[in-house]
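First up is the structure itself, then whatever we jot down about it.
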Amino acid sequence: MSIANLLDPITANGGETRFSGLDHWMQGRTLYGGASALIAYTAATRAFPDLPPLRAAQVAFVAPTGPEVELRREVVRQGRNVAQVKSEIWCEGQCTLTAFWLFGTEREANAVHDAAPVADWPGAPEDAEPAMHGKGPAFIQNNFEILRAQEMQGPGEPVVRRWARLTDREGLDPISELILLGDVLPPGAMRAMQRQGPISSINWSFNLLEPEPETRDGWWMSENASQHAAHGYSSERLRLWNADGKQMLDGMQCVAVFG
Numbered sequence: 001m002s003i004a005n006l007l008d009p010i011t012a013n014g015g016e017t018r019f020s021g022l023d024h025w026m027q028g029r030t031l032y033g034g035a036s037a038l039i040a041y042t043a044a045t046r047a048f049p050d051l052p053p054l055r056a057a058q059v060a061f062v063a064p065t066g067p068e069v070e071l072r073r074e075v076v077r078q079g080r081n082v083a084q085v086k087s088e089i090w091c092e093g094q095c096t097l098t099a100f101w102l103f104g105t106e107r108e109a110n111a112v113h114d115a116a117p118v119a120d121w122p123g124a125p126e127d128a129e130p131a132m133h134g135k136g137p138a139f140i141q142n143n144f145e146i147l148r149a150q151e152m153q154g155p156g157e158p159v160v161r162r163w164a165r166l167t168d169r170e171g172l173d174p175i176s177e178l179i180l181l182g183d184v185l186p187p188g189a190m191r192a193m194q195r196q197g198p199i200s201s202i203n204w205s206f207n208l209l210e211p212e213p214e215t216r217d218g219w220w221m222s223e224n225a226s227q228h229a230a231h232g233y234s235s236e237r238l239r240l241w242n243a244d245g246k247q248m249l250d251g252m253q254c255v256a257v258f259g
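Numbered per the UniProt record's numbering, the sequence shown finishes at 259, counting up by one with no gaps.
Below, the structure written as structure tokens:
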């Protein structure tokens, strides 16, 4: 039901759109970033259904997003192999999210090598212990199953790694599923914070390594690792692997770390 609340109101025409029953997807006073990114992506693909597979995206979380929005989308450029589409969410007269989606047809490979194997493989999700039970924002408690994928707890190396699975995946294609859960974890900088304080995603850029990602039983291993944190911001690397340890998504994010 919660997935339907996110996607059913989105039409090919875009424009003024009202969502209902989004309480389970809120993160404070705004819609969870993965959910708002999925809305923007779905608005683009429903407006332009003949696009090739998604290859990459750049998403900026500009301001809080609520249930009453205006959905804007346009083809910025359509080439022979690559199409770039911009989609935006507007609330109360201001842009709250803007995204560029890069779609590309498959080419004959002239360079081939696999992503490096995951370091410190934690084992299969079926053997992992539950994590974040009763903790975290409402959108996590209501929509995700989270399992431990690293032994470390508390302060330490600025890396957060967890198995994550949507409790409701009905009707979702694999790309939409990755967009919805790609931003689910707190930043790795959380482990380096000197005191508790709020954190907020500012942007999210990612490349898809497979046009049709697959996993087992809906489980994906997500990792947020702070590459550098200072001056109230953290540069984070975000990655997703399937249940067999094959990397499917490689991304970066800027996070505001408040004191």
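Every residue gets a Cβ at the ideal spot worked out from N, C-alpha and C, and that includes glycine.
Following the continuous beta strand (DSSP E) through residue i, name the residue where it begins and the one where it ends.
i	result
Gly15	15-18
Leu71	68-78
Met56	The amino acid occupying residue 56 in the given sequence is Ala; Met does not appear at that position. Note, Ala56: beta strand (DSSP E), 54-61.
Ala99	94-104
Please report the residue range of the alpha helix (DSSP H) in which residue i lies.
i	result
Glu177	174-181
Gly33	33-47
Ala83	That residue, Ala83, is in no alpha helix (DSSP H); its beta strand (DSSP E) goes 82-91.
Leu7	2-7
Just to confirm, are residue i and residue j a CB contact at a threshold of 8 angstroms?
i	j	result
Ala35	Trp25	yes
Pro122	Gln150	yes
Phe206	Leu166	no
Val257	Ser222	no
Ile199	Val159	no
Ala225	Gly188	yes
Pro213	Met252	no
Val59	Asn242	no
Val85	Val75	yes
Ser2	Asp168	yes
Gln227	Phe139	no
Ala83	Leu51	yes
Phe144	Leu181	yes
Leu147	Ala124	no
Arg73	Leu208	no
From this set, the options, which residue's C-alpha is nearest residue i's C-alpha?
i	options	result
Arg216	Ile140, Leu6, Asp244, Phe19	Asp244
Trp90	Gly66, Tyr41, Ala83	Gly66
Gly259	Asn224, Pro211, Met193, Trp204	Met193
Tyr32	Thr45, Glu16, Val62	Val62
Arg46	Gly93, Ala131, Gly15, Glu106	Gly15
Glu106	Cys95, Leu147, Asn81	Asn81
Ala229	Asp173, Ile175, Glu157, Arg169	Glu157
Glu129	Arg161, Asp50, Val76, Ala138	Arg161
Trp220	Leu240, Arg195, Gly136	Leu240
Glu126	Gly136, Ser20, Trp163, His133	Trp163
Asp250	Met190, Glu210, Ser87	Glu210
Glu92	Leu71, Glu236, Arg77, Ala56	Leu71
Cys95	Pro64, Glu145, Gly182	Pro64
Pro155	Asp173, Pro186, Gly136, Arg191	Arg191
Ala57	Arg18, Ser87, Gly79	Ser87
Lys135	Pro186, His113, Ala115, Pro174	Pro186
Ile175	Ile10, Arg18, Pro53	Pro53
Thr30	Thr17, Val112, Lys246, Ser201	Ser201
Quick one: which unbroken alpha helix (DSSP H) runs of 4-plus residues sit fully inside the UniProt domain "Acyl-CoA thioesterase-like C-terminal" (126-255)? Chain order, please.
138-143, 174-181
Do the stretch 97-109 and the stretch 39-53 make contact, defined as three or more Cβ pairs closer than 8 angstroms?
yes
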